[in-house]
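Reviewing the structure listed below.
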Amino acid sequence: MDDVFPVVLWQLGPVAITDTVVVSLALSVLLVVGSVLLRRLERVRAAMEVVYELLEDAVTTMVSANVRPLIPVILTQWLFIGLANLIGLLPVVSSPTRDVSLTAALAVVALGVGHVYAFRANGMAYLKRYIEPHPLLLPFNIIGELSRTLALALRLFGNMMSAELVGAIVVLLAGLLIPVPLMLLSVLTGVVQAYIFGVLTLVFTASSMEAAVNPRSKGKAVGGEAVKSPDSIT
Amino acid sequence: MNAQEWISLVSIVTAGVTVTFGSIAPALAEGRAVERALEAIARQPDASDQITRTLFVGMAMVESTAIYCLVIALVLLFANPFLG
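If you read the protein sequences in the order shown, they are chains A and B. Under our numbering, the first residue of the first sequence carries the number 56, and numbering increases by one thereafter. Under our numbering, the first residue of the second sequence carries the number 16, and numbering increases by one thereafter.
The following block contains the structure:
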């Protein structure tokens with residue numbers, strides 16, 4: 056059943072187990088088991104390493120900070136969100152990212168990643184970013200951080216939800232084969248949104264990692280890429 | 016009409032208006048962004064990779080304002096907090 060809204064499968068006391076939980080957990084297990092199994096096969100592993108290096112290059116050329124420890128996080132986000140978006144194309148399951156709970160959880164993870172990696176890079180000094188350029192701006196910095204996280208969650212949710220909704224409505228109105236172009240469009244949306252989620256996590260985390268080291272270098276274009284200052288693109 | 020029906024009526028109309036006006040501005044903005052990106056690629060084809068990448072991220076940013084409007088419309092239609 057291809058439902059637009061999350062379906063409650065079981066009710067465990069006060070906790071409702073929706074299909075989002077089942078599908079996303081199954082995806083995680085699939086990713087972990089698949090990566091362990093693929094590592095055993097010599098030839099697949101070599102091919103995967105080429106792909107990994109390509110993606111690694113894509114991540115490191117995007118920001119100027121030393122983001123090497125961040126790469127697994129970003130690549131996992133790309134993989135998980137991309138698969139979660141695309142799995143909605145299969146007939147029985149619908150993509151778990153159409154549920155705001157999952158995207159909110161992913162955004163909270165992104166927020167936590169920002170703090171953990173900034174702390175690892177600079178120690179407690181990373182908190183200085185909140186009182187830049189003046190301590191009076193502390194509440195605004197906190198609101199900015201929270202609204203950034205909210206926007207991250209709502210962007211993914213809104214895109215996937217609208218794709219599912221439009222698909223369902225067109226199926227209802229027009230019949231069998233008409234939604235195929237829309238599904239092609241939703242492949243593009245899904246991949247681009249996964250990419251953007253990872254890139255935004257990367258940019259936000261990198262900016263908080265390097266802000267404490269040198270607050271003045273924030274506005275300068277270093278790597279030639281335009282996505283630098285986190286404040287201008289929230 | 017009682018109060019609940021008025022709330023439904025206003026919610027439905029507001030949802031339509033929200034999506035209408037919320038998609039006009041992002042559409043114009045995305046058009047401008049693509050226009051500028053095409054100009055830049057025509058001028059410097061070597062940098063097209065970086066320009067395209069930045070364009071995608073920027074367009075997703077612009078589009079997210081339209082998505083916020085859509086989310087508000089969806090809340091009004093399917094999860095209206097004022098309907099009992």
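For each residue, glycine too, the CB sits at the ideal point set by N, CA and C. A quick note: this is a predicted structure, and the numbers were derived from the prediction, not measured.
I'd like the span of the alpha helix (DSSP H) that includes residue i, first residue to last.
i         : result
Thr67(B)  : 63-93
Thr33(B)  : 18-58
His189(A) : Note, His189(A): premise wrong, no alpha helix (DSSP H); not H, not E.
His161(A) : In the sequence on display, residue 161(A) carries Leu and not His. Here the alpha helix (DSSP H) through Leu161(A) covers 155-177.
Ile129(A) : 126-141
Ala102(A) : 97-115
Taking the C-alpha atoms as reference points, what is the distance between residue i and residue j?
i         : j         : result
Ser202(A) : Leu161(A) : 15 Å
Asn73(A)  : Ala139(A) : Here the sequence assigns Thr to residue 73(A), which means Asn is not the residue at that position. Whole-angstrom Cα-Cα distance: 15 Å.
Glu265(A) : Ala173(A) : 8 Å
Val28(B)  : Trp21(B)  : 11 Å
Val88(A)  : Val70(A)  : 27 Å
Leu209(A) : Ala159(A) : 8 Å
Pro234(A) : Tyr250(A) : 24 Å
Gly31(B)  : Ala88(B)  : 7 Å
Ala206(A) : Ser79(B)  : 8 Å
Pro146(A) : Val128(A) : 30 Å
Ile82(B)  : Glu45(B)  : 13 Å
Leu130(A) : Thr69(B)  : 18 Å
Met216(A) : Arg153(A) : 5 Å
Met74(B)  : Asn17(B)  : 44 Å
Ser79(A)  : Asp112(A) : 28 Å
Val163(A) : Glu200(A) : 11 Å
Ser63(B)  : Val72(B)  : 14 Å
Ala48(B)  : Thr67(B)  : 11 Å
Pull the bridge partners of residue i from the DSSP assignment, please.
i        : result
Trp65(A) : Ile72(A)
Excluding the 5 residues flanking residue i on each side, which residues of the same chain have their C-beta closer than 8 Å to its C-beta?
i         : result
Cys84(B)  : Thr33, Val34, Phe36, Gly37, Ser38
Gly222(A) : Pro234, Leu237, Met238, Ser241
Can you give me the Cβ contacts of residue i inside the same chain, cut-off strictly under 6 Å, excluding the 5 residues immediately before and after it?
i         : result
Val141(A) : Note on identity: in this sequence residue 141(A) is Leu, with Val being the wrong assignment. Contacts found: Gly245.
Phe212(A) : Val155, Thr158
Val99(A)  : Leu93
Val114(A) : Ile126, Ile129
Identify, in the order they occur along the chain, each residue of the same chain with its Cβ nearer than 7 Å to the Cβ of residue i, setting aside the five sequence neighbours on each side.
i         : result
Ser263(A) : Gly169, Ala173, Tyr181, Arg184
Ala176(A) : Met264
Leu255(A) : Leu207
Leu220(A) : Val59
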